[in-house]
Each structure stands twice: as structure tokens, then as C-alpha cells.
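**Student:**
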Amino acid sequence: MDDLNTSDGATIYMLEIMRFHHFSSFTGDQILLEIVNFLKTIFNKYTMYRVSSNQIIVIVSKNDDISRISQINQEFSKPINIEGDDYSIDIKTSVIIKKKNETAEHTVYLLEKMINQIKDTNEIIIVYSPEMKKKLEIEEADTNRIIKAINKGSVVPYYQGIYSITDEKITWCEALARLNINGEMIPPSKFIPILENHKCVNKLDRNMLCQVLKELKLMKDSGQRVDVKGISINFTAEDILNQSFIDEIKQMVTNDEIDPNMISFEICESVIISNFQKAKEIMEELNNYGIRFFLDDFGTGFSNLKAVLSLPFYLIKIDKSLLDAAKENTRNQQILDGVVKAINSIGMKTLIEGVETKEDVELVKNIGVNYIKGYYYHKPSNMTDLNKVIEEKM
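This is the structure we're talking about:
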């Protein structure tokens, strides 16, 4: 994009098509062609680039009237017809006047950051302004702070108890990440999106495993009891499908003299569908070693449920959304009941998340779920406080 480097004072537009991956390759190409052809009709002097599969940049001469962007939104508020089928598209647009000596890379970075501001909103246009500049600078400072903390290993595991309906007590727990930045505990909602954008969630995975194993070893060496029979930790596709990291995991567990049965890994369906055969091989290898697998976020969208449930999962974590739906009417409750029975019938355990009230507890008990996780029984805490809660209820 050499033209972008030499376009000081020009008006730069970035158009991003939301959920573009939902379209087939052919349909996506036709949609892009429709957009490009329309843009040619409203801009006189311009340079146009496709910078990614769903992003187009248009460089327009200085002093361009940005109000014309409303023409784009008006045009594509209507469905696009491709070979007799109508397709609705959602386009977000960011606009900036390029500053002197600003690099093409930084200009694109700002345009993308601005679109991120409105991705999950009803807004369709965002224009760079002094206020936006200040907001992005604050976000960048927060991002740098979080990345630095991850690189320093400032991850602290908090543990949320998992209640066994059969045993009538907390028997498992899930390790949930917090970041300790100058004594302030930062929740995952504040840093996970940043780590995902910077493609470094794998650093969090490794830090969490290291910290959990370290804590278990310290408790073991000091004679403290661990009152749960297992701890689950979330892992991403990048790590779980990495054979060298799997070997590293086994070595870490062995070196710390931790019983592998104490550790379970939570993975989402995205891990599986990205490479089903490899995922199956890794799961079988770690199962044989003693590490169990939980399927996370069950009920939030599955492409091949039969394939997913053919894998050696110990436990299926049913998403809170299915519990919320079951509370709405009898039909949804019957659906949830059927899902639980089907999973249990093939030898897997079931857990429902987000249980917060006594009514929730009664509902899931009647359905026949094996485990419950939610604030009704325990809010995330350090391991010492979790042990106290377990002892008090024994």
C-alpha cells in the first residue's frame, strides 16, 4: 500500500463486512464485487485495496466530503441479490484524515481499532476525532499493561467450586485466571479480548498451568490438604493441538510430582473442528496419561454434535444459556432434560453452569445433572478459602 504512505491529508475509509465467514467463497466474492462496483460510482479520484478477506480500504483525495459515506450505508441496508438469492450484509466503516508522516501500518491500525469500537453496537460509522484519539491511547496503554503482566507471569488462579449432586458437596473446581497488576486483581473480561486480539492467549494457558501446578506442589510439600479431587483449566486450540506443548505438559506434571488425575483440560468445540483427528489423538494420549477432558460451552452452537460426542470427554459443561431457556417454559425444560439424559446415557458426566438460585438448583437436580457450578454454591476464591468452604459444609 505505497499510496497510503504518500497520501498525507487524504481521507481514508475502511469498510469491514461483519460475519463474512458465514458466506461461501463464491458468494463472498460476489458481495465484494458489488461493494467495489458501487464505491466506484460515488468516488471520483480514489485508490482502492482489499486488505483482508472482509476489509476494503479506499483512499480519496484531500478535503473529501465524508458525508457521502451515508450513501454506502443506504445502499447496503438493502439485501444484495446474487443469482436469485438475497443476502443481507452488515458493513461497519471507519474514516480518518491521514496525518503527515504517519505510516500506512499505523493508519490501518487506527482504522481497525475504530471499527472494533462499534463491532458489537448498532453504530455503522465511526470518524477519527480528538476524543477518539484519547480513547484509543488509553486502550493502548491498558493493552501494554496487560501484555507486560502476562509476559511477567503475573497470573493468579482463582478457584470456583463444582458441586456434586451425588456426593452433596464440592468435589471439583475450575481454575479461573486473574491478573495481578500492582496489587489490583484484573478479571478475565478485561484482558481475554486483548490477548485474543494479540494472539497470545497461549501465554495465559501456560502461565495458568504453571501456577496451578506450583500451588498444588507447595500445598503437598507443606502438608496442606487439597479438598477437591480435580482442577480443570481452560486451553485453546493453539496449545492443545501442539504436540511439543503436550510433551511439555506431561514433563511439568511429572517434575512437580502431581497426580495427573488431579488435572482436567477444558476445551471448546472450535478446538475440535479445527483438526478433528489431531484433537482425538491428543485427547487419547493425555487420557492415557491420566488427564481428563471437559467440553466447555456446550449448547452455544455445534456443527457436528455426533463427532464431538464421539471423543473421549469425561464431562460436558452445559452453557448457562440452556438453563436460562429451560426456566422460560416447559418445552425448553424438556429439551434440556433430553440433552442431559442423552449425554449421561453414553457414559459422560454432565455439569450445568450459572446456577445462582435455589430454584435453579431444584430444576437441575430434577433433570438429573451430575454437577453444578455457580454462585449459589461458591464464588471464585483462592484455594485456601475454597478448602474452608468445603470443610464448613462437610
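Our numbering puts the first residue of the sequence shown at 17, with every later residue one more than the last. Yeah, the Cβ is synthetic: ideal placement off N, Cα and C, and Gly gets one too.
Please report the residue range of the alpha helix (DSSP H) in which Gly-100 lies.
**Tutor:** Taking the first residue of the sequence shown as position 1, residue 100 is located at position 84. Counting along the chain, Gly-100 falls outside any alpha helix (DSSP H), and DSSP gives it neither H nor E.
**Student:** Would DSSP call Phe-281 helix, strand or coil?
**Tutor:** Mapped onto the sequence shown, residue 281 falls at position 265. Three-state DSSP puts Phe-281 in a strand.
**Student:** Which class does Ile-73 belong to by DSSP, given the choice of helix, strand or coil?
**Tutor:** By 1-based counting over the sequence shown, the position of residue 73 is 57. The answer is strand: DSSP assigns Ile-73 an E or B state.
**Student:** Quick one: grab the DSSP three-state call for Pro-203.
**Tutor:** The sequence position of residue 203 within the sequence shown is 187, counting from 1. Residue state, collapsed to three classes: coil.
**Student:** One question on the structure: do Glu-285 and Asn-250 come within less than 8 Å of each other, judged by their Cβ atoms?
**Tutor:** Translated into positions along the sequence shown, residue 285 becomes position 269. Translated into positions along the sequence shown, residue 250 becomes position 234. It is not a contact, given that the beta carbons lie outside the stated cut-off.
**Student:** Thinking C-beta only, is Ile-406 closer than 8 Å to Asp-417?
**Tutor:** Nothing in the structure corresponds to residue 417, since the chain is present only between 17 and 410.
**Student:** If you measure between the beta carbons of Ile-73 and Ile-28, is that distance less than 8 Å?
**Tutor:** As a first step, residue 73 must be located in the sequence shown, where it is residue number 57. As a first step, residue 28 must be located in the sequence shown, where it is residue number 12. Against a cut-off of 8 Å, the Cβ pair of Ile-28 and Ile-73 comes out as a contact.
**Student:** Just tell me which of Val-124, Arg-194, Leu-211 and Ala-120 has its CA closest to the CA of Pro-203.
**Tutor:** Taking the sequence shown and counting its residues from 1, the one referred to as residue 203 is at position 187. Taking only the C-alpha atoms, the option nearest Pro-203 is Arg-194.
**Student:** As an exercise, report each continuous alpha helix (DSSP H) stretch of at least 4 residues that is fully enclosed by the region 150-220, in chain order.
**Tutor:** With a minimum length of 4 residues, the continuous alpha helix (DSSP H) runs that stay inside the region 150-220 are 204-213.
**Student:** So is Tyr-387 buried or exposed if we call it buried at 16+ other beta carbons inside 10 Å?
**Tutor:** Taking the first residue of the sequence shown as 1, we reach residue 387 at position 371. Counting Cβ neighbours within 10 Å, Tyr-387 comes out buried, since at least 16 surround it.
**Student:** Work out the CA separation of Ile-362 and Met-201 for me, nearest whole Å.
**Tutor:** As a working note, residue 201 is residue 185 in the sequence shown. As a working note, residue 362 is residue 346 in the sequence shown. Answer to the nearest angstrom: the Cα atoms are 40 Å apart.
**Student:** Looking at C-beta atoms only, is the number of pairs between the region 292-310 and the region 218-229 that lie closer than 8 Å three or more?
**Tutor:** Segments in contact, no.
**Student:** Mind the definition here: the region 118-129 touches the region 47-65 only if three or more C-beta pairs lie below 8 Å; say whether that holds.
**Tutor:** No, the region 118-129 does not touch the region 47-65.
**Student:** With respect to the beta strand (DSSP E) encompassing Lys-365, which residues constitute its N-terminal and C-terminal limits?
**Tutor:** As a working note, residue 365 is residue 349 in the sequence shown. Run containing Lys-365: 365-369, per the beta strand (DSSP E) assignment.
**Student:** Going by C-alpha to C-alpha distance, which of Ile-247, Val-217 and Ile-289 sits closest to Gly-169?
**Tutor:** What you label residue 169 is simply residue 153 of the sequence shown in a count that begins at 1. Looking at the Cα atoms, Val-217 is the closest of the given residues.
**Student:** Please state whether the Cβ-Cβ distance between Lys-389 and Glu-369 is less than 8 Å.
**Tutor:** Start at 1 with the first residue of the sequence shown, and residue 389 comes out as number 373. Start at 1 with the first residue of the sequence shown, and residue 369 comes out as number 353. Closer than 8 Å, so yes.
**Student:** CA-CA distance, Asn-89 and Val-76?
**Tutor:** The residue labelled residue 89 in the question sits at position 73 within the sequence shown. The residue labelled residue 76 in the question sits at position 60 within the sequence shown. When rounded, the distance between both Cα atoms is 18 Å.
**Student:** Under 8 Å between the Cβ atoms of Ile-256 and Val-228?
**Tutor:** The residue given as residue 256 occupies position 240 in the sequence shown. The residue given as residue 228 occupies position 212 in the sequence shown. Not a contact, by the Cβ cut-off of 8 Å.
**Student:** Apart from the five residues on each side of it in sequence, which residues of its chain come closer than 6 Å, Cβ to Cβ, to Met-364?
**Tutor:** Sequence index remark: in the sequence shown, residue 364 carries index 348 (1-based). Within the same chain, Met-364 has close Cβ partners Phe-329 and Ile-332.
**Student:** Counting along the chain, where does the alpha helix (DSSP H) carrying Arg-347 start and finish?
**Tutor:** Counted from its first residue, the sequence shown places residue 347 at position 331. That run of the alpha helix (DSSP H) goes 346-361.
**Student:** To the nearest angstrom, how far is the alpha carbon of Ile-141 from that of Glu-153?
**Tutor:** Residue mapping note: residue 141 aligns to position 125 of the sequence shown, counting from 1. Residue mapping note: residue 153 aligns to position 137 of the sequence shown, counting from 1. If you take the alpha carbons of Ile-141 and Glu-153, they lie about 20 Å apart.
**Student:** Short check: CB of Val-355 to CB of Gly-384, under 8 Å?
**Tutor:** On the sequence shown, residue 355 is found 339 positions in, with the first residue counted as 1. On the sequence shown, residue 384 is found 368 positions in, with the first residue counted as 1. Contact flag unset, no.
**Student:** Of all the options Glu-190, Val-143, Thr-119 and Ala-120, which has the alpha carbon lying nearest to the alpha carbon of Tyr-391?
**Tutor:** By one-based count along the sequence shown, residue 391 stands at place 375. Checked all of Glu-190, Val-143, Thr-119 and Ala-120; the closest Cα to Tyr-391 is Glu-190.
**Student:** Would Met-30 and Gln-87 be called neighbours here (beta carbons separated by less than 8 Å)?
**Tutor:** The sequence position of residue 30 within the sequence shown is 14, counting from 1. The sequence position of residue 87 within the sequence shown is 71, counting from 1. Against a cut-off of 8 Å, the Cβ pair of Gln-87 and Met-30 comes out as no contact.
**Student:** Flag this pair as touching only if the region 288-304 and the region 332-351 have three or more C-beta atom pairs under 8 Å; answer yes or no.
**Tutor:** No, they do not touch.
**Student:** Using a Cβ distance threshold of 8 Å, determine whether the region 96-106 contacts the region 38-47, with at least three qualifying pairs required.
**Tutor:** The region 96-106 vs the region 38-47: in contact.
**Student:** On the three-state DSSP scale, how would you describe Phe-329?
**Tutor:** As a working mapping, residue 329 is identified with position 313 in the sequence shown. In this structure, Phe-329 counts as coil in the three-state DSSP scheme.
**Student:** When you compare each of Ile-96, Leu-232, Asp-183 and Phe-92 to Thr-109 by their alpha carbons, which one comes out closest?
**Tutor:** Locating residue 109 in the sequence shown gives position 93, counting from the first residue. Cα-wise, what sits closest to Thr-109 is Phe-92.
**Student:** Expressed to the nearest angstrom, what Euclidean distance is found between the alpha-carbon atoms of Asp-313 and Gly-177?
**Tutor:** Counting from 1 along the sequence shown, the entry for residue 313 is found at position 297. Counting from 1 along the sequence shown, the entry for residue 177 is found at position 161. About 17 Å.
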